[in-house]
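Every position in the sequence shown, counted from 1, becomes a number in our numbering once 2 is added.
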Amino acid sequence: ICEPCASCGVRCCNRFAVPVSGFDIIRICRVVGLKPQEFAHLADAKNIEDAPHSKVFIFMEGKLSERLLTLKRKNNMYCVFSLNSKGCAVWGAHPLVCRAYPFVHDEKEGIGYAKNFVCPRKWGNEEYERETAKKNAGRRDFEIGEYNKIVRKWNATLAKLGNENAFWKFLIKESGNKTDEFAD
3 ICEPCASCGV RCCNRFAVPV SGFDIIRICR VVGLKPQEFA HLADAKNIED
53 APHSKVFIFM EGKLSERLLT LKRKNNMYCV FSLNSKGCAV WGAHPLVCRA
103 YPFVHDEKEG IGYAKNFVCP RKWGNEEYER ETAKKNAGRR DFEIGEYNKI
153 VRKWNATLAK LGNENAFWKF LIKESGNKTD EFAD
């Protein structure tokens with residue numbers, strides 16, 4: 003992890019749920035060889051604010067539930083792939099929200115800081131590559147848009163008929179069909 007991440011104690015990994023897309027799931031599966039349900043889950047969306055990822059409708063116990071696809075968390079509340087202050091176990095395949103954080107697109111500057119900024123200080127210009135940050139933020143936004151289309155399709159046509167297992171199959175199939183269009 004580049005500075006200043008190396009010195010912050012990975013606050014973003016222990017302060018926020020890490021929302022992911024089906025594309026993130028596929029990239030991580032390729033690296034870790036786990037099934038998606040082993041490291042990701044559909045978290046209760048009521049407890050997570052401001053994620054740009056669409057909410058997934060799942061029928062649970064006969065009731066419609068709004069869920070958000072996130073990485074699981076360890077007992078200490080860190081992301082399942084967090085090596086605590088030592089970095090990320092899936093670095094290189096880590097979700098695009100992580101790659102882009104703490105940066106977002108800014109209309110004037112091209113790149114700016116995320117609204118829920120938890121870094122201990124702003125990054126100095128010498129501590130990140132501006133073009134890489136812009137590229138990661140743009141790719142994150144694009145993939146979230148594509149993921150949201152997949153989720154809207156599920157919500158509109160299959161949510162009433164399917165359960166969580168059906169959603170996972172649908173997500174992987176639909177995401178896999180699009181992954182080659184924008185492979186790493």
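All C-beta atoms in this analysis are idealised placements derived from N, C-alpha and C, irrespective of residue type, glycine included.
Coarse secondary structure for C209, derived from DSSP in three states:
Any property of residue 209 remains undetermined from this structure, which presents the chain solely from 3 to 186.
From this set, Y80, E131, G140, which residue's C-alpha is nearest E109's C-alpha?
On the sequence shown, residue 109 is found 107 positions in, with the first residue counted as 1. Comparing alpha-carbon positions, the option among Y80, E131, G140 lying closest to E109 turns out to be G140.
Below 9 Å between beta carbons: does that hold for L71 and I113?
For the purposes of this step, residue 71 is taken as the residue at position 69 of the sequence shown. For the purposes of this step, residue 113 is taken as the residue at position 111 of the sequence shown. For the 9 Å CB-CB criterion, L71 and I113 do not form a contact.
Just verifying my parser: in three-state terms, what is the DSSP assignment at L173?
For the purposes of this step, residue 173 is identified with residue 171 of the sequence shown, where counting begins at 1. Assignment of L173 by DSSP, reduced to helix, strand and coil, places it in the helix class.
Give the secondary structure of L36 by DSSP, where H, G and I count as helix, E and B as strand, and everything else as coil.
The sequence position of residue 36 within the sequence shown is 34, counting from 1. Looking at L36 - three-state DSSP - the assignment turns out to be coil, as it is neither helix nor strand.
Considering just the uninterrupted stretch of the alpha helix (DSSP H) at I146, what are its terminal residues?
The residue you call residue 146 lines up with position 144 of the sequence shown. Here the alpha helix (DSSP H) through I146 covers 132-155.
Is the CB of L44 under 9 Å away from at least one CB in chain B?
Given the protein chain composition of this structure (a single chain), no chain B is represented.
Whole-angstrom C-beta distance between R69 and A47, which should lie under 8 Å
Here residue 47 refers to the residue found at position 45 of the sequence shown. Here residue 69 refers to the residue found at position 67 of the sequence shown. A47 to R69, Cβ: 6 Å. Contact.
If we count Cβ pairs, one from each stretch, closer than 8 Å, do we get three or more for the region 82-93 versus the region 51-62?
No, they do not touch.
Can you say whether G94 is buried or exposed, counting buried as having 16 or more other CB atoms within 10 angstroms of its CB?
Taking the first residue of the sequence shown as position 1, residue 94 is located at position 92. That one is exposed.
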